[in-house]
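A.B. asks: Encoded as structure tokens, here's the structure I'll be asking about.
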Amino acid sequence: MSSTILPLEPKKLKKLSDEELGAMLHLVKGNTSLPTPAFPHPPAIGRDGNAPMASRLRAIQQYIKSLEYNHTGTSYYKLRRDRGLQHVILTAKEIVREALPIQCVEAVFVATHLTTGMADLLRIPISFKSTADGNTYRHIVLAVRYGDKWGALGISRRDSLMWKDLQFSSLAELIKNFEKS
């Protein structure tokens, strides 16, 4: 293995042996020339309605996307959707504090937390399946309605399966858009 560290796609990382991964980790740990990773901070949008709702939702989506997608297939957090809103919010706060890459369920937790208290915003988690390269993936986003328009917050391997601006006239229209993606 060379002494330079090249960015590797997650699929290529999975093919490396334990020895190769260990050698790469050794190169990274003592390398002072590597830049400090950026630490994303949640948007300071306030929940009092000063900014337009579309702008607040866009800021939340940009934050979620800045956490980056977790391609490992393993969550870094204890996820229990059956334990109620308090667990969802506590987990979301942990995600914000740790700022590790997330999958779609964690994105819904974060979106739920960051939209809590936003008056007149209806939130509904929507789960569905998508297919890519012969593989079926389970997915979830947080559908949001403000006024008479629907949109969605989330993260995915594919851009078309996460953020949707407040532009859809019904929940059915939003879901159809996801089905086409």
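Residues in the sequence shown are numbered consecutively from 75, following the working numbering.
A virtual CB, placed ideally from N, CA and C, is assigned to each residue, including glycine.
These numbers were taken from a predicted model, which means no experiment stands behind them.
Among F202, L159 and A217, which has the Cα closest to the Cα of T210?
C.D. replies: F202
A.B. asks: Assuming the contact rule is C-beta atoms closer than 8 Å, A133 and I119 should be a hit. Round their C-beta distance to whole Å, please.
C.D. replies: 5 Å
A.B. asks: Give me, in chain order, the residues of the same chain whose beta-carbon lies closer than 6 Å to that of Y236; leave out the 5 immediate sequence neighbours on both sides.
C.D. replies: The residue you asked about is not Tyr; residue 236 is Met in the sequence shown. Only G228, I229 and S230 meet the Cβ criterion.
A.B. asks: Select from L174, Q241 and P126 the residue whose C-alpha is nearest the C-alpha of T146.
C.D. replies: Its Cα nearest to that of T146, the residue L174 stands out among L174, Q241 and P126.
A.B. asks: Counting along the chain, where does the beta strand (DSSP E) carrying N209 start and finish?
C.D. replies: Per DSSP, the unbroken beta strand (DSSP E) holding N209 starts and ends at N209 to Y220.
A.B. asks: Between L141 and P111, how many whole angstroms is the CB-CB distance? I'm expecting something under 8 Å.
C.D. replies: At roughly 12 Å, the Cβ-Cβ gap does not stay under 8 Å, so L141 and P111 are not in contact.
A.B. asks: For H100, count neighbouring C-beta atoms within 10 Å of its own C-beta (all shown protein chains included) and say buried if the count is 16 or more, exposed if not.
C.D. replies: exposed
A.B. asks: Enumerated in chain order, which unbroken segments of the alpha helix (DSSP H) with a length of 4 residues or greater are wholly contained in the segment 156 to 236?
C.D. replies: 159 to 172 and 178 to 189
A.B. asks: Could you tell me whether the Cβ atoms of L240 and Y220 are closer together than 7 Å?
C.D. replies: yes
A.B. asks: Going along the chain, which unbroken runs of the alpha helix (DSSP H) with 4 or more residues stay wholly within the segment 126 to 153?
C.D. replies: Correct list: 127 to 140.
A.B. asks: Would you say V215 and A206 are within 7 Å of each other, going by their C-beta atoms?
C.D. replies: No, the Cβ-Cβ distance between V215 and A206 is not below 7 Å.
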